[in-house]
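**Q** Counting the sequence shown from 1 gives a position; this note's numbering is that position plus 3.
Quick reminder that beta carbons are idealized off the backbone N, C-alpha and C, glycines included.
Quick caveat: nothing in here was measured; it's all calculated off a predicted structure.
Dumping the structure here so I can ask a few things about it.
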Amino acid sequence: MFKLLALLAVALCSVEAFAYQDDKEKEICRNPKVQEFTLPEYSGTEKKEAPAETDFSFVISGWSDPKKIKLFTKDQAIPFTVQSNETFHKVKAKLPPELTGKVVRINARIPAVLGCYTTIGWLVKVAGTSAVDAPKEPETAVSAPTNPVAPAAPNGIVQPADSATPVLQNQQNIQNAVSP
4 MFKLLALLAV ALCSVEAFAY QDDKEKEICR NPKVQEFTLP EYSGTEKKEA
54 PAETDFSFVI SGWSDPKKIK LFTKDQAIPF TVQSNETFHK VKAKLPPELT
104 GKVVRINARI PAVLGCYTTI GWLVKVAGTS AVDAPKEPET AVSAPTNPVA
154 PAAPNGIVQP ADSATPVLQN QQNIQNAVSP
């Protein structure tokens, strides 16, 4: 009986030896945080537009890796610059002219220093060129042709000779409809 209790005591002590735990703390990756996006976001209820070729920016947390940031739309990469300080990075970019008049999603993939990343996007409607901004074509002045042979209508309008009869008939129909 004594041998059985001794064996049981040794077995219990050896289980504790197998329960080895590493005393080092594992580094936990924190996802980068994104704030202060400066363009108006487009939604079904609020149909806000951003002017074409507008500068925009957003701020990301300091534990982000600014060298590996990707900023893009579905079709193309968007060039950007990063201004960094001790606590955050400010990403600055400009809407490409190819996006004028389109509704696009601007996507950002922002990796952290420890390897995890955040992907975020904003739906933006880029305003098209307005009639004021569009270049105007030069207008040419067209003078009304004068035809001395054509008969004058009762209101003093001179009609071309080839279409005088239908116009006079229409004017007479209008005068008959107006007078009682």
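Grouping DSSP H, G and I as helix and E and B as strand, with all else coil, what is V62?
**A** Here residue 62 is taken as the residue at index 59 of the sequence shown, counted from 1. Strand at V62.
**Q** Can you have a look at V106 and say buried or exposed, based on whether 16 or more other CB atoms are within 10 angstroms of its CB?
**A** By 1-based counting over the sequence shown, the position of residue 106 is 103. Exposed: under 16 other Cβ atoms inside 10 Å.
**Q** For A12 and M4, what's the separation of their Cα atoms in angstroms?
**A** Indexing the sequence shown from 1 puts residue 12 at position 9. Indexing the sequence shown from 1 puts residue 4 at position 1. Looking at the two C-alpha atoms, the distance is approximately 13 Å.
**Q** If you reduce the DSSP assignment to three classes, tell me which class P69 lands in.
**A** Residue numbering aside, residue 69 sits at position 66 when the sequence shown is read from its first letter. It is helical.
**Q** Would you say the segment 64-77 touches the segment 41-49, given that touching needs at least three Cβ pairs under 8 Å?
**A** No, the segment 64-77 is not in contact with the segment 41-49.
**Q** Could you pull out every residue in the same chain whose Cβ sits closer than 8 Å to the Cβ of G124, ignoring the five residues on either side in sequence?
**A** The count along the sequence shown starts at 1 and reaches residue 124 at position 121. Cβ within range, chain order: R108, I109, N110, A111.
**Q** Which value, in whole angstroms, describes the spacing of the CA atoms of K36 and A80?
**A** The sequence position of residue 36 within the sequence shown is 33, counting from 1. The sequence position of residue 80 within the sequence shown is 77, counting from 1. Cα to Cα, the separation comes out at about 21 Å.
**Q** Taking the alpha-carbon of K128 as reference, which of D78, K95, A55, F59 has the nearest alpha-carbon?
**A** Here residue 128 is taken as the residue at index 125 of the sequence shown, counted from 1. For K128, the nearest C-alpha among the options comes from A55.
**Q** Measure the C-alpha to C-alpha separation of I113 and K50 and round it to an integer number of angstroms.
**A** Here residue 113 refers to the residue found at position 110 when the sequence shown is read from its first residue. Here residue 50 refers to the residue found at position 47 when the sequence shown is read from its first residue. Their backbone Cα atoms lie some 27 Å apart in a straight line.
**Q** With 16 as the cutoff for other CB atoms within 10 Å, does L10 come out buried or exposed?
**A** By 1-based counting over the sequence shown, the position of residue 10 is 7. Exposed, because fewer than 16 other Cβ atoms sit within 10 Å of the Cβ of L10.
**Q** Judging by CA-CA distance, which residue of Q86, F91, P100, E89 is the nearest neighbour of A130?
**A** Along the sequence shown, one-based indexing puts residue 130 at 127. For the residues Q86, F91, P100, E89, the minimum Cα distance to A130 belongs to P100.
**Q** Starting from I109 and walking both ways along the beta strand (DSSP E), at which residues does that stretch end?
**A** Mapped onto the sequence shown, residue 109 falls at position 106. Element bounds for I109: 106-114.
**Q** Is DSSP giving L126 helix, strand or coil here?
**A** Translated into the one-based positions of the sequence shown, residue 126 becomes position 123. Three-state result, L126: strand.
**Q** Alpha carbon to alpha carbon, how far is N88 from A53?
**A** Mapped onto the sequence shown, residue 88 falls at position 85. Mapped onto the sequence shown, residue 53 falls at position 50. Spanning the two alpha carbons is a distance of roughly 28 Å.
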